[in-house]
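K.L.:
Start counting the sequence shown at 1; every next residue gets the next number (this note's numbering).
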Amino acid sequence: MNNITSKTSYLIKVALMASISVILMYFEFPIFPAFPWLKIDASDLPALIGSFAFGPLTGVIIEALKNILKILVKSTTTGGVGELANFIIGSTFVGTAGMIYKFKKTKLNAVISLIIGTLVLGIVGALANAYILIPLFMPNMPKKELMIYIMEGVIPINLIKGAGISVITLVIYKRISVIINNDNRKLESNDAKLSKKAV
């Protein structure tokens with residue numbers, strides 16, 4: 001009974017985080033006038049929190065669900081390619097940070113994991129744009145313009161996004177983790193009571 005209840009609780013939390021991620025995708029805005037199509041949002045925040053709370057695989061699962069739900073709810077203008085790139089970039093970010101934090105759950109290691117995760121986000125974001133998005137949507141872009149776009153647009157916006165989400169996570173994670181842990185303890189307590197009654 002305890003195992004079934006715990007799994008159900010976990011699935012509900014993952015689904016809730018993925019749903020919140022989709023909602024956050026609607027609140028996007030550009031920050032560079034030169035590249036108005038490059039927009040920033042906080043949709044990776046729930047996945048990062050899930051990665052810290054339950055492990056890096058959970059963060060990746062939330063990223064996958066987010067992009068699937070986005071296609072179903074918000075539709076796609078890229079034939080799914082943009083969502084694939086978003087999944088790769090987001091999963092690398094939350095997966096890297098979650099993997100490092102998993103080994104030592106301290107405030108210092110959380111900061112280190114988020115810094116490394118943000119740097120990886122910048123690198124993978126650049127690679128995803130250079131080898132997936134740009135070749136598909138702007139195949140004739142000159143290499144010089146591509147480098148300018150990557151260096152002055154893609155990398156900065158991903159670093160800013162990663163840094164912003166990291167700061168928010170550091171501020172709110174402990175409070176949210178307390179709620180998650182208390183919920184798990186309540187489930188375990190209820191299961192124990194039900195087991196005693198059954199006996």
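Yeah, the Cβ is synthetic: ideal placement off N, Cα and C, and Gly gets one too.
Residues in its own chain within less than 7 angstroms of E83 by CB, not counting five upstream and five downstream?
P.N.:
So the qualifying residues of the chain are N67, K70, I71 and T76.
K.L.:
Which class does I40 belong to by DSSP, given the choice of helix, strand or coil?
P.N.:
Reduced to three states, the DSSP call for I40 is strand.
K.L.:
Between L121 and N3, what straight-line distance do the alpha-carbon atoms span, to the nearest angstrom?
P.N.:
Going from the Cα of L121 to the Cα of N3 covers about 35 angstroms.
K.L.:
Quick check on S9 - is its C-beta less than 7 angstroms from some C-beta in chain C?
P.N.:
Given the protein chain composition of this structure (a single chain), no chain C is represented.
K.L.:
Along the chain, where does the alpha helix (DSSP H) containing G80 start, and where does it finish?
P.N.:
That residue, G80, is in no alpha helix (DSSP H); it is neither H nor E in DSSP.
K.L.:
With the cut-off set at 7 angstroms, would you say S56 and M17 are in Cβ contact?
P.N.:
Here residue 56 turns out to be Pro, not Ser, going by the sequence shown. The answer is no: Cβ separation not under 7 angstroms.
K.L.:
Cβ of G117 within 7 angstroms of Cβ of G59?
P.N.:
Cβ atoms of G117 and G59: not closer than 7 angstroms.
K.L.:
Considering only residues of the same chain and omitting the five flanking positions on each side of G50, which have a CB-CB separation below 7 angstroms?
P.N.:
If we look at G50 and ignore the five residues flanking it on each side, its Cβ neighbours are V14, M17, T58, G59 and I62.
K.L.:
Can you list, in chain order, the residues of its chain whose CB lies under 7 angstroms from that of L11, leaving out five sequence neighbours each side?
P.N.:
If we look at L11 and ignore the five residues flanking it on each side, it has no Cβ neighbours.
K.L.:
List in chain order: all unbroken beta strand (DSSP E) runs of 3+ residues lying wholly within the stretch 58 to 113.
P.N.:
Segments of the beta strand (DSSP E) lying fully in the stretch 58 to 113: there are none.
K.L.:
DSSP on F29, reduced to helix/strand/coil?
P.N.:
Correct three-state label for F29: strand.
K.L.:
Please identify the residue among I115, I155, K174 and T169 whose C-alpha is closest to the C-alpha of F35.
P.N.:
The candidate whose alpha carbon is nearest that of F35 is I155.
K.L.:
Assign V167 to one of two classes, buried (16 or more other C-beta atoms within 10 Å of its C-beta) or exposed (fewer than that).
P.N.:
So V167 counts as exposed.
K.L.:
Spatial neighbours of S91 within its chain, please: C-beta separation below 6 angstroms, excluding the five flanking residues on both sides.
P.N.:
Contacts found: V60 and E63.
K.L.:
With distance defined between alpha-carbon atoms, name the residue in Y173, F52 and I160 nearest to F29.
P.N.:
The option with the nearest alpha carbon to F29 is I160.
K.L.:
Decide if L170 is buried, meaning its Cβ has at least 16 other Cβ atoms within 10 Å, or exposed.
P.N.:
With fewer than 16 Cβ atoms within 10 Å of its Cβ, L170 is classed as exposed.
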